[in-house]
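Chains L and F, in that order, give the protein sequences.
Counting in our numbering, the first sequence runs from 252 upward without gaps.
Counting in our numbering, the second sequence runs from 110 upward without gaps.
Single-structure report; data block below.
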Amino acid sequence: AQKITQTQPGMFVQEKEAVTLDCTYDTSDQSYGLFWYKQPSSGEMIFLIYQGSYDEQNATEGRYSLNFQKARKSANLVISASQLGDSAMYFCAMRVPPDSWGKFQFGAGTQVVVTP
Amino acid sequence: NAGVTQTPKFRVLKTGQSMTLLCAQDMNHEYMYWYRQDPGMGLRLIHYSVGEGTTAKGEVPDGYNVSRLKKQNFLLGLESAAPSQTSVYFCASSSLAGGSYEQYFGPGTRLTVT
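Here it is as structure tokens:
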């Protein structure tokens, strides 16, 4: 069975600093996808970044980058130059094809609070 | 382009009442999903559908039923609501195209069962 673990329930970060959110996963499949979503206090789920298991380079999307360490089975999200609007819950998720029909396994989430 | 919409946004039910949550997507996605979100537990998959007329159980299906009569709609039903079903419900959809199977989420429905 696949499993996603986010060990940091919450963290504070100062504005303009970088923050790393931890995510480890467990799967025996060779082909899988890793995702990060942001959920602000308004409640919607916002897609941030995707990393495929065969991608050799770490994914980047603006201020977001995914530090993918395949051997360690970790997919940490790095947010550079934090902004007040980054305060939110962040979820790591994994998809394992082909039998999963696109189903995701979500971690419990990390609450980030950005302070001035 | 509305993406994924959910109706209603809020609902309060009494124990034993029934209701249906409606999810609609206008992206022609093949796959659709219903999740529930409870504090400290992330999102858990209730049911999902891989195409019109097909549904399957997820991680926490008990007490829920679903139907997908049209490709763009995915309905979640509670036949006899229980307080344990108090939660925020999210619908999502994804496509075979693109390779990532990124899921697009609706805004959520906050359900309280008293």
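Glycine is no exception: its CB is placed at the ideal position from the N, C-alpha and C atoms.
Quantities reported herein were computed from a predicted structural model and do not represent experimental measurements.
Boundaries of the beta strand (DSSP E) harbouring valine 113 of chain F: 113-116, taken from the DSSP string.
By the rule that beta-carbons nearer than 8 Å mark a contact, methionine 136 of chain F does not touch chain L.
Per DSSP, tyrosine 144 of chain F is one residue of the beta strand (DSSP E) stretching across 140-146.
Counting only the Cα atoms, valine 175 of chain F lies some 12 Å from cysteine 200 of chain F.
DSSP places glycine 336 of chain L in the helix class (H, G or I) of the three-state scheme.
Under DSSP, aspartate 277 of chain L takes part in a beta bridge, and its partners are L/Lys254.
In the same chain as threonine 223 of chain F, and ignoring 5 residues on each side of it, the C-beta atoms closer than 8 Å to its own belong to Val121, Leu122, Lys123, Thr124, Pro192, in chain order.
Residue contact check for glutamate 312 of chain L against chain F: no CB pair falls below 8 Å. DSSP places glutamine 320 of chain L inside the beta strand (DSSP E), whose first and last residues are 315-320. Taking a contact as a CB-CB distance under 8 Å, the pair glutamine 146 of chain F and valine 197 of chain F counts as one, their CB atoms being some 5 Å apart.
Runs of the beta strand (DSSP E) lying entirely within the segment 280-311 of chain L, each at least 3 residues long, are 284-290, 297-303 in chain order. Shown here, glutamine 134 of chain F sits in a strand according to DSSP, grouped into three states.
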